[in-house]
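Comments concern the structure below.
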Amino acid sequence: MPCPHFDIKIVQRSNRQSAVASAAYQSGERLFSEYDQKQKYYSHKSEIVHTEIMLPPHAPPEYTDRNTLWNAAEAVEKQWNSQLARRLIIAIPRELPPEQYAGLIRDYCREQFVSKGMIADFAIHDKGTGNPHAHILLTMRALDESGRWLPKSRKVYDLDGNGERIRLPSGRWKSHKEDTVDWNDQKYCEIWRHEWEVIQNRYLEANDRPERVDLRSYARQGLDIVPTVHEGAAVRQMEKRGIQTNIGNLNREIRAANNLMKSIRQLIQNLKGWITELGEKRKELRAQKAAEEATLLPNLLMKYMAIRKEERKDWTRAGQNRGTSQDLKAVSEALSYLRQKGLSTVEDLEAFLESSGKSAADYRNQMKPKEARSKVIDGILASRTDCKECKPVYEKYQKIFFKKTKEKFKQEHPEVARYEKAAAYLAKHPDDKDKTKKELQQEQETLLSEIADLKVPLTEVQEDLKKLRDIRYWVRKAIPGTEESKEPPKKQPIKEALQDKADEKKAQKTAPAQTKHRQQNMEL
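Using the numbering used here, you'd call the opening residue of the sequence shown number 210 and step up by one each time.
What follows is the structure, given as C-alpha cells:
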C-alpha cells in the first residue's frame, strides 16, 4: 500500500538551520553559503534521481541556479530568528512507474505553490528499496512584478469609529502588523495534505491501480486502529541488530492486535452477510414446507456431503474414497464444533456472531489504555534521560542575564531546547514524579504482559470465526441458488488421477501372476 508520510517544517535560523544547506542536502550539489561563508555538500546523497526548480512568472530567470536562489532568499532575512524556507518531505506511491515521479511532483508544486507565487525547488530520492520520496523547498516571501522580494508583513494603523487614527498615551499611533501573504496560515497544512492525497489517487487511478491514499488520522477516518509509537533511529538500529526494545515490543503487540481486530471485523461482516442470505433462502424453503429441516445446520452439512459425492462420480474409485474420507473428517469436526458451541440453527449462529463481535471489541478496549500508558512511560523515561544529559548546559543558560546573549547561547546549544521540551513533558505527568526508573520499567513489563494475555482470547475469537467461515461455504454449497452451489464440480487433481491409474495398472499386471500361482498350487 502507498505510504501516507507527509511532513512540513520551517527552516529557521534560530535553530542553526540554513536554506542553502537544505538545498545542498536534497539536491546533492556543492553550494556555498554567503551568510556563514561555508561550503555545503553532502557526498553520501547517491539516491537522487531528479532535481528541478520551478519559478512563478515574475521571478528572475537567474533563480533557476540553486546557489543564487537560496543565497538571495537568505540575504533578505536580517533577523537572528528569521524563517528562511518551508520544507516538505512526502512519500511517493511506489505503485506508480518511476518515470511518472517527476510529473507527479511537478503537477503538485505547480497547482499548490508556484501558482500562489512561491518558488519550488524539489528533488526526488529513490534508493530502489521501495521508499521513493520527494524533498520540496519553498520560499517564504512573495516577489513583486520586477522580481524583488516583498516584505513578509506591513504596518497597519488602527482606526476609530470615525476612520481616524488612534493616538496612544505615549504619543504614538496605535498600529498592528499584517502578513502580506497568508502562506503561514495553519489552514494550508490541511489543504496541502488533502491535495497531495487527491493528486496521488488521480495518478493511481490513471494507471489502473486499485490502491488509494488517505492522509487522515485513524480517528478521523473512523477506524478503530491504535497507532504505533515513533521508534526513532536509535531504536530501529537496535532492532535491526536483533536487540529487542520496549518500544519495539510495544509496537509489535499493537500491530498484532490491530491485525487481529481487522481480521475479526472482516470475518464478522462476511458471516453476517451470509446469515442474511440464509434468512432469505429460508423464506423460500418455508413456502415448500421444509423450513425447519432445511435450515438446520447439521442437515445442510450432510446435504453438502451428498453433493460432493455426486460431483466426484467421474473420479477414479481411489480418488472418490479419498475425497469422501476427507469430507467426512472435515464435516465431523464441524458438527462437533457446532455441538460444542450449541449452534444448530441460523438464529443460534446470528446470536453467536453478535456475542463474538462484542467480546472482541471488549478485549480491544481493555488493551487500548494499557498501550497508551506504556507510551507515556516511554516518554517519561526518555524525558528523564534528556533532562539529566542537558541539565549542566541549561543551568549555564539560566545564569545568563542579558537577553541577546541568552538567545545566542540557546541558538548555539540545542541542549537547552531539549531540556525545556523534556521538562514540559514531565510536568504533564506529575503523578509519576516520585516513581523510580525501575518501578516504571516494571510497570511497563506488566502492561506488555497483560496486553499479550488479552491477545489470546482475541486469537480464539478469530479461530472460531475462521471455522464458521468454512461451515458457511459448505452450507451455501448445499443451498440452491447461491454462488457456491452454481460452481462447476471440482475435477480430481491431475497428480491424484495419475497416481490412481498407475496403481490400477500395477494391480492388473500382478493379478494374472497371482491367478497362475493359485492354479499351480491346486494341481499339486
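Ideal Cβ positions, reconstructed from N, Cα and C, are used throughout, including at glycine. It should be emphasised that the depicted structure is a prediction, and the values quoted were computed from it without experimental measurement.
*Going by DSSP, which residues form a beta bridge with I262?*
Sequence index remark: in the sequence shown, residue 262 carries index 53 (1-based). Per DSSP, D330.
*asked:* Tell me which residue opens and which closes the beta strand (DSSP E) that I345 is part of.
replied: For this step, residue 345 is matched to residue 136 along the sequence shown. Taken as a continuous stretch (DSSP letters only), the beta strand (DSSP E) holding I345 covers H342 to L347.
*Where R296 falls: helix, strand or coil (DSSP)*: The residue you call residue 296 lines up with position 87 of the sequence shown. In this structure, R296 counts as strand in the three-state DSSP scheme.
*Return the bridge partner residues of H385 from the DSSP annotation.*
Against the sequence shown, residue 385 aligns to sequence position 176. According to DSSP, which records beta bridges pairwise, H385 is partnered with V365.
*Could you give the DSSP three-state label for R445: helix, strand or coil?*
Position 236 of the sequence shown, counted from the start, is the residue given in the question as residue 445. Here R445 sits in helix by DSSP.
_Proximity to S236 [Cα-Cα], best of R573, K249, E448 and V540_ = On the sequence shown, residue 236 is found 27 positions in, with the first residue counted as 1. Nearest C-alpha to S236: K249.
*asked:* Just to confirm before moving on: does the CB-CB distance between M327 and W392 stay below 9 Å?
replied: Here residue 327 corresponds to residue number 118 of the sequence shown, with the count starting at 1. Here residue 392 corresponds to residue number 183 of the sequence shown, with the count starting at 1. Contact flag set, yes.
*Ignore the nearest five residues each way along the sequence and tell me which others in S324's own chain have a CB closer than 8 Å to its CB.*
Reading the sequence shown from its first residue, position 115 is the one you call residue 324. Hits under 8 Å: P265.
_Which residues does DSSP list as the beta-bridge partners of V220?_
Start at 1 with the first residue of the sequence shown, and residue 220 comes out as number 11. A294, per the DSSP bridge assignment.
_Rounding to the nearest angstrom, what Cα-Cα distance links G690 and R526 in this structure?_
To locate residue 690, count along the sequence shown from 1; it is residue 481. To locate residue 526, count along the sequence shown from 1; it is residue 317. Interpretation of G690 is limited by its pLDDT of 49, a score under 50 that renders its predicted location unreliable; no figure is taken from the coordinates.
*Assuming R295 contacts L347 under a Cβ cut-off of 8 Å, what Cβ separation, rounded to an integer in Å, is found between them?*
If you number the sequence shown from 1, residue 295 lands on position 86. If you number the sequence shown from 1, residue 347 lands on position 138. With 8 Å as the limit, R295 and L347 qualify as a contact, their Cβ atoms being about 4 Å apart.
*Could you check what DSSP says for Q248 in three-state terms: helix, strand or coil?*
Working through the sequence shown from its first residue, we reach residue 248 at position 39. Strand.
*Would you mind stating whether D330 and A232 have Cβ atoms separated by less than 9 Å?*
In the sequence shown, residue 330 corresponds to position 121, counting from 1. In the sequence shown, residue 232 corresponds to position 23, counting from 1. Taking 9 Å as the Cβ cut-off, D330 and A232 qualify as a contacting pair.
*Please classify S534: is it buried, with 16 or more other beta-carbons within 10 angstroms of its beta-carbon, or exposed?*
On the sequence shown, residue 534 is found 325 positions in, with the first residue counted as 1. S534 is exposed by the Cβ-count criterion.
*Would you call the CB atoms of I333 and I298 closer than 9 Å?*
In the sequence shown, counting from the first residue as 1, residue 333 sits at position 124. In the sequence shown, counting from the first residue as 1, residue 298 sits at position 89. No, these two residues do not count as a Cβ contact at 9 Å.
_Short of 8 Å in beta carbon distance, which residues of its chain neighbour R376, apart from the five on each side in sequence? Order them along the chain._
Position 167 of the sequence shown, counted from the first residue, corresponds to residue 376. Cβ within range, chain order: W382 and K383.
*Run the CB neighbour count on N460, radius 10 Å, all protein chains shown included, and call it buried at 16 or more, exposed below.*
As a position in the sequence shown, residue 460 is number 251, starting the count at 1. Buried.
*Within 9 Å, strictly: CB atoms of N371 and P623*: Residue mapping note: residue 371 aligns to position 162 of the sequence shown, counting from 1. Residue mapping note: residue 623 aligns to position 414 of the sequence shown, counting from 1. No, Cβ-Cβ distance for N371 and P623 is not below 9 Å.
*Tell me which same chain residues have a C-beta within less than 8 Å of the C-beta of S568, skipping the five on either side of it?*
Counting from 1 along the sequence shown, the entry for residue 568 is found at position 359. So the qualifying residues of the chain are P666 and V670.
*Name the DSSP beta bridge partners of R376, please?*
Taking the first residue of the sequence shown as position 1, residue 376 is located at position 167. R376 pairs with W382.
*Assuming L313 contacts I400 under a Cβ cut-off of 8 Å, what Cβ separation, rounded to an integer in Å, is found between them?*
Position 104 of the sequence shown, counted from the first residue, corresponds to residue 313. Position 191 of the sequence shown, counted from the first residue, corresponds to residue 400. Not quite, the Cβ-Cβ distance comes to about 18 Å (not below 8 Å), so this is no contact.
_Chain-order list of residues whose beta-carbon lies under 7 Å from that of I219 (same chain, five-residue window excluded)_ = The sequence position of residue 219 within the sequence shown is 10, counting from 1. Result list for I219: Q292 and R295, in chain order.
*If you follow the alpha helix (DSSP H) that L352 is part of, which residue opens it and which one closes it?*
Along the sequence shown, read from residue 1 onward, the residue named residue 352 stands at position 143. Unbroken run through L352: none, as it is neither H nor E.
*Would you decide whether I463 is buried or exposed? Buried here means 16 or more other CB atoms lie within 10 Å of its CB.*
To locate residue 463, count along the sequence shown from 1; it is residue 254. Buried, by the Cβ-count rule.
*Should S694 go down as buried or exposed, given a rule of 16 or more other Cβ atoms within 10 Å for buried?*
Numbered from its first residue, the sequence shown carries residue 694 at position 485. Since pLDDT at S694 reaches only 48, below the 50 mark, its modelled position is unreliable, and no value is offered.
*Anyone know if the C-beta pair for R582 and E519 falls short of 9 Å?*
Taking the first residue of the sequence shown as position 1, residue 582 is located at position 373. Taking the first residue of the sequence shown as position 1, residue 519 is located at position 310. Cβ atoms of R582 and E519: not closer than 9 Å.
_Out of N416, Y606 and V422, which one is the CA nearest neighbour of E308?_
As a working mapping, residue 308 is identified with position 99 in the sequence shown. Here the closest residue by C-alpha is N416.
_On the criterion of 16 or more Cβ atoms from any shown chain inside 10 Å, does S242 qualify as buried, or is it exposed?_
Along the sequence shown, one-based indexing puts residue 242 at 33. Per the 10 Å Cβ criterion, buried.
*Does the beta-carbon distance from L635 to C596 come in below 9 Å?*
What you label residue 635 is simply residue 426 of the sequence shown in a count that begins at 1. What you label residue 596 is simply residue 387 of the sequence shown in a count that begins at 1. Yes, the Cβ-Cβ distance between L635 and C596 is below 9 Å.
_On the CB-based measure, 16 or more other CB atoms within 10 Å of its CB, does V365 come out buried or exposed?_
One-based indexing of the sequence shown puts residue 365 at position 156. So V365 ends up on the exposed side.
*For L240, the residue or residues it bridges with in DSSP*: What you label residue 240 is simply residue 31 of the sequence shown in a count that begins at 1. Note: L240 sits in a beta bridge opposite K249.
*Return the first residue and the last residue of the alpha helix (DSSP H) that R303 is part of.*
Your numbering for residue 303 matches position 94 in the sequence shown. Here R303 belongs to no alpha helix (DSSP H), and DSSP marks it neither H nor E.
*Between Y234 and the rest of its own chain, which residues show a CB-CB distance below 6 Å, the 5 nearest in sequence each way excluded?*
Along the sequence shown, read from residue 1 onward, the residue named residue 234 stands at position 25. Cβ within range, chain order: Y251.
*Output the distance between the C-alpha atoms of A228 and E283, rounded to the nearest integer angstrom.*
In the sequence shown, counting from the first residue as 1, residue 228 sits at position 19. In the sequence shown, counting from the first residue as 1, residue 283 sits at position 74. Cα to Cα, A228 sits roughly 7 Å from E283.
*Spatial neighbours of L359 within its chain, please: CB distance less than 7 Å, with the 5 preceding and 5 following residues excluded, ordered by chain position.*
To locate residue 359, count along the sequence shown from 1; it is residue 150. Taken in chain order, the residues that qualify are R350, A351, L352, D353 and T389.
*asked:* Would E621 and Y603 be called neighbours here (beta carbons separated by less than 9 Å)?
replied: Taking the sequence shown and counting its residues from 1, one reaches residue 621 at position 412. Taking the sequence shown and counting its residues from 1, one reaches residue 603 at position 394. In this structure, Y603 does not lie closer than 9 Å to E621 by Cβ.
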